[in-house]
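Trainee:
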Amino acid sequence: MTEVTLAVVLPLLGAFVLPLTRHTGVRWLAAVIGPALLAACALLLFAAWSAFDAPYTIALGGFAPPLGIAFYIDRLALLFALAVPLATLALWPAEAGADESVGRRQSLTLLLAGALSGLALSGDLFNMYVFYELAAVASYGLIVGNGNSPAYVAAFRYLMISALGSVVGLIGIALIYFKTGTLNLAHLSTLSEQLADPQGLAAFAMLVIGFGVKAEIFPVNGWVPEVYSAAGKRVAALLAGLASKLAVLVIVRVLLLVFPYDETRQLLLVLGIFGVAVGELAAWQARDLPRMLAWSSIGQLGVVFVAFSLPGTAGVIAGVTVAMHHLVVKSALFLLADRWDKAITRLRGAASTSHLGAALFVLFSLSLLGLPPLPGFWSKFLVLGGLAASASPLQLLAMGVILTGTVIEGAYLLRVIVMLYAGPDTATPVPRQRRGNLLSASLFALVLLAAAVLVDPLWQGIEALADRAVDTTGYQNTVLNTPEAGR
Numbered sequence: 035m036t037e038v039t040l041a042v043v044l045p046l047l048g049a050f051v052l053p054l055t056r057h058t059g060v061r062w063l064a065a066v067i068g069p070a071l072l073a074a075c076a077l078l079l080f081a082a083w084s085a086f087d088a089p090y091t092i093a094l095g096g097f098a099p100p101l102g103i104a105f106y107i108d109r110l111a112l113l114f115a116l117a118v119p120l121a122t123l124a125l126w127p128a129e130a131g132a133d134e135s136v137g138r139r140q141s142l143t144l145l146l147a148g149a150l151s152g153l154a155l156s157g158d159l160f161n162m163y164v165f166y167e168l169a170a171v172a173s174y175g176l177i178v179g180n181g182n183s184p185a186y187v188a189a190f191r192y193l194m195i196s197a198l199g200s201v202v203g204l205i206g207i208a209l210i211y212f213k214t215g216t217l218n219l220a221h222l223s224t225l226s227e228q229l230a231d232p233q234g235l236a237a238f239a240m241l242v243i244g245f246g247v248k249a250e251i252f253p254v255n256g257w258v259p260e261v262y263s264a265a266g267k268r269v270a271a272l273l274a275g276l277a278s279k280l281a282v283l284v285i286v287r288v289l290l291l292v293f294p295y296d297e298t299r300q301l302l303l304v305l306g307i308f309g310v311a312v313g314e315l316a317a318w319q320a321r322d323l324p325r326m327l328a329w330s331s332i333g334q335l336g337v338v339f340v341a342f343s344l345p346g347t348a349g350v351i352a353g354v355t356v357a358m359h360h361l362v363v364k365s366a367l368f369l370l371a372d373r374w375d376k377a378i379t380r381l382r383g384a385a386s387t388s389h390l391g392a393a394l395f396v397l398f399s400l401s402l403l404g405l406p407p408l409p410g411f412w413s414k415f416l417v418l419g420g421l422a423a424s425a426s427p428l429q430l431l432a433m434g435v436i437l438t439g440t441v442i443e444g445a446y447l448l449r450v451i452v453m454l455y456a457g458p459d460t461a462t463p464v465p466r467q468r469r470g471n472l473l474s475a476s477l478f479a480l481v482l483l484a485a486a487v488l489v490d491p492l493w494q495g496i497e498a499l500a501d502r503a504v505d506t507t508g509y510q511n512t513v514l515n516t517p518e519a520g521r
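Here this note's numbering runs 34 ahead of the position in the sequence shown, where the first position is 1.
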């Protein structure tokens, strides 16, 4: 089953090969190599998902864990890894022509995809950090892809915050290593009692800050509105919809395996509450669609962290459901914001120039609000149900904040929908949606509707996934009893 590693290797290799193909004179090769590699990765991962019967470890370099580099393969890792090539294909920068900037964006997109796949599969903190930094480098280049001044300013702000977060995260990793002598997650899980003191909890907080920059966690998410409004909207969709989820996965893995304590869960809960409150209130105040979606993304990722703060399988089930729903919906909404990136008041009558675009916006908005039977209803139901079952004062506060945030969310989304279907402004007509964006958004809509129909099998799959994800003993036995490289 070592073929799974190709999901990391192929995009990284393609990122370096793609620029060379543009100088061969064979233009069609440069146009198809990226999508072909991503499609191959998706097929490999889907085959691994279909053939999966039990978690396993792939030891790289000929050394068994905890000394060697290990990829841990379970359904949680496969789900997030499979989301990478599929979402990247839907958001692929496929502009026609031989423009060098297009080639750079495509190479950086492949680099980002390879790094994110590595984050999903890695079984030790050091490699997670390396892949995270690779993803950050790719993100910087993608943000400045437009070549305009706002993009450079936004990229610089993101660079500064991300660099500071990386330093803090690296200090946290160093603290863990000095206390335990290992960075392998399975080995760390056997030594978790050594990390239950204030120094260990401080290390976890540093990891949350470090990886939380890309996960848009409060309070290190101030870069989000500037970056998502200045960058190309396909880039914003990649970062908000996809990259943030892999950063969340890293934090969740560390929480479940190494720091399964009430204090660490309460930290995520508190940060999630602040994220929901700040994000939804700021989204209500936003006056243009990209900034509104950016702040809204912060609020919804706050819900993701609240969900994962729930103990046991309930937290994993709720968290995965909310995260996957946000990936689909927010990616699509940013695609629709590509031609609707002006003030909301200037979107008057947009439905008259793009009937399908407006209808898709309504569909995704209703799912965000939790209208049954759309998947957004089930994701919020799981989070609120888990909070109600625990019923601690802090979790009841989280319930109130999420419900209030949903009301605010409905208000600002309804404001946009009213403008879309209002009488058109003949003086300044709204531009038509690009066909490529409509096609990609329609694919996300099909995924959303399919999830609404296939609730029962999806529930069974996520429940089985969660059972494995919280099985710390099984994780330890699978990784530490791996006698040789590969399987």
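Virtual Cβ for every residue (Gly too), placed ideally from N, Cα, C.
Can you give the beta carbon distance from T91 to T506, rounded, assuming they're within the 8 Å contact cut?
Mentor: No, T91 and T506 are not in contact; Cβ-Cβ is about 15 Å, not under 8 Å.
Trainee: Does the distance from the C-beta atom of L369 to that of R268 stay below 8 Å?
Mentor: Cβ atoms of L369 and R268: closer than 8 Å.
Trainee: Secondary structure at A93, three-state DSSP: helix, strand or coil?
Mentor: A93 falls in the strand class under three-state DSSP.
Trainee: Should A197 go down as buried or exposed, given a rule of 16 or more other Cβ atoms within 10 Å for buried?
Mentor: With fewer than 16 Cβ atoms within 10 Å of its Cβ, A197 is classed as exposed.
Trainee: Measuring alpha carbon to alpha carbon, tell me which of G353, I442, W374 and R382 ends up nearest G419.
Mentor: Of G353, I442, W374 and R382, the residue nearest in Cα terms is G353.
Trainee: Determine the DSSP secondary structure at L54, reduced to helix, strand or coil.
Mentor: Note: L54 maps to helix in three-state DSSP.
Trainee: Counting only beta-carbon separations shorter than 8 Å, does V201 have a partner in chain D?
Mentor: The structure shown contains no chain D; it holds only a single protein chain.
Trainee: Using a Cβ-Cβ cutoff of less than 7 Å, which residues in the same chain neighbour A88 once the five nearest sequence positions on both sides are dropped?
Mentor: Closer than 7 Å at the Cβ level, and outside the excluded window around A88, lies no residue.
Trainee: Can you tell which of S151, L72 and A128 has its C-alpha closest to the C-alpha of A115?
Mentor: A115 has its Cα closest to that of S151, out of S151, L72 and A128.
Trainee: Can you name, in chain order, every residue of its own chain whose Cβ lies under 6 Å from the Cβ of R325, other than the five neighbours on each side?
Mentor: So the qualifying residues of the chain are P259 and S263.
Trainee: Please report the residue range of the beta strand (DSSP E) in which I107 lies.
Mentor: Start and end: I103 to I107.
Trainee: Does the structure place the segment 325 to 338 close enough to the segment 484 to 499 that three or more beta carbon pairs sit under 8 Å?
Mentor: The answer is no - the segment 325 to 338 does not touch the segment 484 to 499, with fewer than three Cβ pairs under 8 Å.
Trainee: Reducing DSSP to helix, strand and coil, say where S156 ends up.
Mentor: Looking at S156 - three-state DSSP - the assignment turns out to be strand.
Trainee: With a threshold of 8 Å, are at least 3 pairs of Cβ atoms found where one atom belongs to the segment 72 to 86 and the other to the segment 165 to 183?
Mentor: The answer is no - the segment 165 to 183 does not touch the segment 72 to 86, with fewer than three Cβ pairs under 8 Å.
Trainee: Could you give the distance in angstroms between the alpha-carbon of L303 and the alpha-carbon of A357?
Mentor: Distance between the alpha carbons of L303 and A357 is about 15 Å.
Trainee: Going by C-alpha to C-alpha distance, which of P465, P463, G410 and S141 sits closest to A484?
Mentor: It is G410.
Trainee: DSSP three-state call for N182: helix, strand or coil?
Mentor: Coil.
Trainee: Output needed for I496: all residues of its chain with C-beta closer than 7 Å, excluding positions within five of it in sequence on either side, in chain order.
Mentor: The residues are I351, V354 and T355.
Trainee: Might you give, ordered along the chain, the residues of its own chain that have their beta carbon closer than 8 Å to the beta carbon of L79, omitting 5 neighbours on each side?
Mentor: Result list for L79: V38, A41, L112, A115, L116 and P119, in chain order.
Trainee: Please classify A425: is it buried, with 16 or more other beta-carbons within 10 angstroms of its beta-carbon, or exposed?
Mentor: A425 is exposed by the Cβ-count criterion.
Trainee: Whole angstroms is fine: what's the gap from Q319's alpha carbon to K414's?
Mentor: Those two C-alpha atoms are separated by around 23 Å.
Trainee: What residues match up with A377 in a beta bridge as DSSP calls it?
Mentor: BP columns for A377 point to D322.
Trainee: Please say whether A384 and L480 have beta carbons closer to each other than 8 Å?
Mentor: It is not a contact, given that the beta carbons lie outside the stated cut-off.
Trainee: Check whether the segment 245 to 261 and the segment 214 to 221 touch, using three or more Cβ-Cβ pairs below 8 Å as the test.
Mentor: The segment 245 to 261 vs the segment 214 to 221: no contact.
Trainee: On the criterion of 16 or more Cβ atoms from any shown chain inside 10 Å, does D322 qualify as buried, or is it exposed?
Mentor: The residue in question, D322, is buried, as its Cβ has 16 or more Cβ neighbours within 10 Å.
Trainee: Do L153 and M162 have their beta-carbon atoms positioned less than 8 Å apart in this structure?
Mentor: Their beta carbons are under 8 Å apart, which means M162 touches L153 by this criterion.
Trainee: Have a look at G256, A281, Q233 and Y295 and flag the residue whose alpha-carbon is nearest the alpha-carbon of G313.
Mentor: The shortest Cα separation from G313 among G256, A281, Q233 and Y295 belongs to G256.
Trainee: Kindly confirm or deny that the segment 429 to 440 and the segment 292 to 309 touch, where touching means at least three C-beta pairs closer than 8 Å.
Mentor: Contact between the segment 429 to 440 and the segment 292 to 309 is present, because at least three Cβ pairs lie under 8 Å.
Trainee: Label P99 either buried or exposed according to how many other C-beta atoms from any shown protein chain fall within 10 Å of its C-beta, with 16 as the threshold for buried.
Mentor: Per the 10 Å Cβ criterion, buried.
Trainee: For S365 and A93, which I take to be in contact (beta-carbon distance under 8 Å), what is that distance rounded to the nearest angstrom?
Mentor: Contact flag wrong, Cβ pair sits at about 34 Å.
Trainee: Is the beta carbon of Y186 less than 8 Å from the beta carbon of V261?
Mentor: Contact: no.
Trainee: Under the rule that 16 or more other beta-carbon atoms within 10 Å means buried, what is Y183, buried or exposed?
Mentor: Inspection of the sequence shows that residue 183 is occupied by Ser rather than by Tyr. Exposed: under 16 other Cβ atoms inside 10 Å.
Trainee: Quick one: what's got a C-beta closer than 6 Å to Q467's C-beta in the same chain, skipping five residues either side?
Mentor: Taken in chain order, the residues that qualify are R373, S388 and G391.
Trainee: Beta-carbon within less than 6 Å of L146's beta-carbon, same chain only, minus the 5 sequence neighbours each way: which residues are those?
Mentor: Only A169 and A172 meet the Cβ criterion.
Trainee: What residues are listed by DSSP as bridge partners for N218?
Mentor: According to DSSP, which records beta bridges pairwise, N218 is partnered with D158.
Trainee: Rounded to a whole number of angstroms, what is the C-alpha to C-alpha distance between R139 and V51?
Mentor: Spanning the two alpha carbons is a distance of roughly 14 Å.
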